[in-house]
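Peer 1: Got a structure for you, questions after.
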Amino acid sequence: MSQNKTRYIEIENISFGYGKGPDLFNNLSLGLDKDEITVLLGENGSGKTTLAKLVMGMLGPRSGRIMLDGVSVEDLALGEVGMRVGYLFQNPDHQIFGATLIDQLLWSFEFLGEDIDLAKGKAEELIRLFGLEGSRDTYPYYLSLGEKRILALASVLMRSPDYLILDEPTSSLDEERAGVLKEVLKNLSERGIGMLIITHDYDFPEGLAHRTIVLSEGRACNG
Numbered sequence: 106m107s108q109n110k111t112r113y114i115e116i117e118n119i120s121f122g123y124g125k126g127p128d129l130f131n132n133l134s135l136g137l138d139k140d141e142i143t144v145l146l147g148e149n150g151s152g153k154t155t156l157a158k159l160v161m162g163m164l165g166p167r168s169g170r171i172m173l174d175g176v177s178v179e180d181l182a183l184g185e186v187g188m189r190v191g192y193l194f195q196n197p198d199h200q201i202f203g204a205t206l207i208d209q210l211l212w213s214f215e216f217l218g219e220d221i222d223l224a225k226g227k228a229e230e231l232i233r234l235f236g237l238e239g240s241r242d243t244y245p246y247y248l249s250l251g252e253k254r255i256l257a258l259a260s261v262l263m264r265s266p267d268y269l270i271l272d273e274p275t276s277s278l279d280e281e282r283a284g285v286l287k288e289v290l291k292n293l294s295e296r297g298i299g300m301l302i303i304t305h306d307y308d309f310p311e312g313l314a315h316r317t318i319v320l321s322e323g324r325a326c327n328g
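When the count follows this note's numbering, it moves up by one through the sequence shown with no breaks and lands on 328 for the last residue.
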């Protein structure tokens with residue numbers, strides 16, 4: 106790729122630590138493109154989820170800045186970031202609100218006062234795509250952890266984001282659903298949606314990742 110190409114997400118010399126603790130990152134820089142899938146690896150505690158939350162504006166760096174499509178994340182409301190970057194939490198319970206699967210998928214449209222009739226077809230399509238038809242009228246908290254994770258991802262995809270950050274997307278998924286997920290992500294990538302996939306599953310990114318980054322001791326290195 107061109108050295109001069111503007112990255113969709115630019116992490117520029119950020120430092121961050123929790124409370125009065127030491128810096129988890131010190132002058133960390135990383136660029137993420139819309140036309141590639143980046144896989145982020147690292148030991149527990151290396152800061153993978155923290156980095157995702159910094160990009161989403163849920164946390165703020167002590168120094169440095171994060172740019173999203175040329176605009177500082179610091180200058181954007183959380184909702185504005187969320188409309189551009191879909192974030193799948195490591196714990197799907199943190200983003201499930203509906204009484205049924207359909208309610209869950211339409212929740213953001215109702216919350217924002219948008220026309221849900223146009224969204225219903227997409228919701229039904231995602232339910233079929235991820236094999237959730239048998240649970241469509243189930244209270245989401247009664248789903249298995251793997252089903253909750255898929256439902257949370259479907260909710261993110263309902264908003265048609267430009268970029269995805271997926272934190273351990275295959276955790277608790279059986280082999281069949283992980284395979285479906287992989288094909289969905291390939292299709293999204295072909296449509297120009299960039300991704301940062303945080304994972305401990307070293308097999309899942311095979312044939313999917315364009316680039317692998319390893320976080321270690323506050324630094325991002327090519328894997």
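Note that CB positions come from ideal geometry on N, CA and C, so glycine has one too. Model, not experiment: these values are computed from the prediction.
If isoleucine 221 and leucine 211 are in contact, beta carbons under 8 Å, what's the gap, nearest whole angstrom?
Peer 2: Here residue 221 is taken as the residue at index 116 of the sequence shown, counted from 1. Here residue 211 is taken as the residue at index 106 of the sequence shown, counted from 1. Yes, they are in contact, since the Cβ atoms of isoleucine 221 and leucine 211 sit about 5 Å apart, within 8 Å.
Peer 1: Starting from asparagine 118, trace the beta strand (DSSP E) both ways and give me its first and last residue.
Peer 2: On the sequence shown, residue 118 is found 13 positions in, with the first residue counted as 1. It spans 114–121 - the beta strand (DSSP E) in which asparagine 118 sits, taken as one unbroken run.
Peer 1: Assign lysine 125 to buried or exposed, taking buried as 16 or more other Cβ atoms, counted over all protein chains shown, within 10 Å of its Cβ.
Peer 2: Taking the sequence shown and counting its residues from 1, one reaches residue 125 at position 20. Counting Cβ neighbours within 10 Å, lysine 125 comes out exposed, since fewer than 16 surround it.
Peer 1: So for serine 151, helix, strand or coil by DSSP?
Peer 2: Walking along the sequence shown from the start, residue 151 turns up at place 46. Correct three-state label for serine 151: coil.
Peer 1: Evaluate serine 294 with the Cβ neighbour count: other Cβ atoms within 10 Å of its Cβ, from every protein chain shown; 16 or more gives buried, anything less gives exposed.
Peer 2: The residue given as residue 294 occupies position 189 in the sequence shown. Classification of serine 294: buried, given that the 10 Å Cβ count is 16 or more.
Peer 1: Roughly how many angstroms separate the alpha carbons of proline 148 and glycine 251, rounded to a whole number?
Peer 2: By one-based count along the sequence shown, residue 148 stands at place 43. By one-based count along the sequence shown, residue 251 stands at place 146. The question names proline, but residue 148 in the sequence shown is glutamate. Those two C-alpha atoms are separated by around 23 Å.
Peer 1: Drop a sphere of 10 angstroms on the beta-carbon of glutamate 273, count the other beta-carbons inside from all chains shown, and report buried for 16 or more, exposed for fewer.
Peer 2: Taking the first residue of the sequence shown as 1, we reach residue 273 at position 168. Glutamate 273 comes out buried.
Peer 1: Please report the straight-line C-alpha distance between phenylalanine 259 and aspartate 208, rounded to a whole angstrom.
Peer 2: Your numbering for residue 259 matches position 154 in the sequence shown. Your numbering for residue 208 matches position 103 in the sequence shown. Reading the sequence as shown, one finds alanine at residue 259 and not phenylalanine. For alanine 259 and aspartate 208, the distance between alpha carbons rounds to 12 Å.
Peer 1: Taking its Cβ as the centre, do 16 or more other Cβ atoms sit within 10 Å of phenylalanine 216, making it buried, or is it exposed?
Peer 2: Your numbering for residue 216 matches position 111 in the sequence shown. Looking at its Cβ environment, which holds fewer than 16 other Cβ atoms inside 10 Å, phenylalanine 216 is exposed.
Peer 1: So, for proline 245: in the same chain, excluding its five sequence neighbours on each side, which residues have a beta-carbon less than 7 Å away from its beta-carbon?
Peer 2: Position 140 of the sequence shown, counting from 1, holds the residue named residue 245. Around proline 245: Ile201, Gly203, Leu206, Gln209, Lys253 and Leu256.
Peer 1: Below 8 Å on the Cβ atoms is my contact criterion, and I expect isoleucine 270 with valine 190 to pass it. Report the Cβ-Cβ distance as a whole number of Å.
Peer 2: By 1-based counting over the sequence shown, the position of residue 270 is 165. By 1-based counting over the sequence shown, the position of residue 190 is 85. 6 Å between Cβ atoms; contact.
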